[in-house]
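So the structure is just underneath, and the comments pick up after that.
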Amino acid sequence: MAGRRGALIVLEGVDRAGKSTQGRRLVEALRAAGHRADLLRFPERTTEIGQLISSYLLKEKNLEDHTVHLLFSANRWEHVPLMKEKLHQGITLVVDRYAFSGAAFTSAKENFCLDWCKQPDVGLPKPDLILFLHLSPEAAAERGNFGNERYENSPFQEKVLQSFYHLMRDKTLNWKEFSLKATCLFKISQSAQLSDR
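Sequential numbering of the sequence shown, starting at 1, is according to full-length UniProt numbering.
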């Protein structure tokens, strides 16, 4: 493993699609296979920026939409040095949400252009693999705790899903889509394969 860069694997999807569960499973599977792997989740809520985002998502604080979008991006950027260091050390990072969520969620709002939404994240480390967990907003709404956070309502999640479909047209990125059923999580860890670099 010495001299090999770690892989950057991103999990994306609508809220309650199973990203956190599948991220944990994937890290466990990678470690069991002898890889060094860590899980990272955005927003990362322990920093000052992350705490502000958390209070917004939990509906404790209201913020202007452009401001919120830039805060989400800033939260990713503040972790870039650590991400690069771990990748350089050969540690594979499994990331629960990344820049694609930022663009998909904001562009689902009124009067936001997808191209504008992507700009603040230009230059972030490029993922080697993006696993998109497809779950219908209706099925997601049946999962536990749906509705606790600001964006968790089915009509908005449907718009987010359409934004993701637009993002997945970018053929310069390695997107893989997995369909999930509301009652049975697909074992991503059995399907995600790392190519040798």
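Note that CB positions come from ideal geometry on N, CA and C, so glycine has one too.
Per-residue DSSP class, three states only, for residue i
| i | result |
| --- | --- |
| LYS187 | Model confidence at LYS187 stands at a pLDDT of 49, short of 50, so the residue's coordinates are unreliable; what they give is reported in the following sentence. Looking at LYS187 - three-state DSSP - the assignment turns out to be coil, as it is neither helix nor strand. |
| VAL122 | coil |
| GLU12 | strand |
| ARG150 | coil |
| ALA104 | helix |
| ALA33 | coil |
| THR92 | strand |
| LEU129 | strand |
| MET83 | helix |
| ASN111 | coil |
| TYR165 | helix |
| PRO43 | coil |
| LEU71 | helix |
| LEU172 | This sequence places Thr at residue 172; Leu is not what is there. Of the three classes helix, strand and coil, the one that applies to THR172 here is coil, per DSSP. |
| LEU58 | coil |
| GLU64 | coil |
| GLY23 | helix |
| ALA7 | coil |
| GLY50 | helix |
| ALA17 | coil |
| ARG197 | Here ARG197 scores only 43 on pLDDT, less than 50, and its place in the model should not be relied on; the value that follows carries that caveat. Coil. |
| GLU158 | helix |
Alpha-carbon to alpha-carbon, residue j and residue i
| i | j | result |
| --- | --- | --- |
| LEU58 | ARG76 | 19 Å |
| PHE42 | LEU11 | 11 Å |
| THR21 | ARG4 | 27 Å |
| LEU30 | LEU87 | 15 Å |
| VAL27 | ASP115 | 32 Å |
| ARG197 | ILE9 | Because the pLDDT at ARG197 is just 43, under 50, the model does not fix this residue reliably, and the value given afterwards should be weighed accordingly. Cα to Cα, ARG197 sits roughly 14 Å from ILE9. |
| residue 200 | TYR151 | Outside the displayed range of the chain (1 to 197) lies residue 200, so it cannot be described from this structure. |
| residue 258 | GLN51 | Residue coverage of the chain in this structure runs from 1 to 197, which leaves residue 258 outside it and unanswerable. |
| VAL80 | ALA139 | 34 Å |
| LEU82 | ALA32 | 24 Å |
| VAL17 | PHE178 | Going by the sequence as given, residue 17 is Ala instead of Val. Cα to Cα, ALA17 sits roughly 11 Å from PHE178. |
Inter-residue CB distance, residue i and residue j (contact presumed, cutoff 8 Å)
| i | j | result |
| --- | --- | --- |
| VAL94 | GLY23 | 5 Å |
| PRO127 | SER154 | Between SER154 and PRO127 the Cβ distance is about 28 Å, and since that is not below 8 Å, they are no contact. |
| GLN157 | ASP15 | 6 Å |
| TRP175 | PHE112 | With 8 Å as the limit, TRP175 and PHE112 do not qualify as a contact, their Cβ atoms being about 22 Å apart. |
| LEU129 | GLY13 | Not really, about 14 Å apart at Cβ, beyond 8 Å. |
| HIS69 | THR92 | Not confirmed; about 28 Å, so no contact. |
| SER163 | ALA108 | 5 Å |
| ASP96 | LYS19 | 5 Å |
| GLY90 | GLY6 | 5 Å |
Per DSSP, cross-strand counterpart(s) of residue i
| i | result |
| --- | --- |
| SER179 | HIS134 |
| ASP38 | LEU93 |
Inset, instruction - Count the C-beta pairs between the stretch 91 to 111 and the stretch 45 to 60 that are closer than 8 Å, then say yes if the count reaches three, no if not. - result: no
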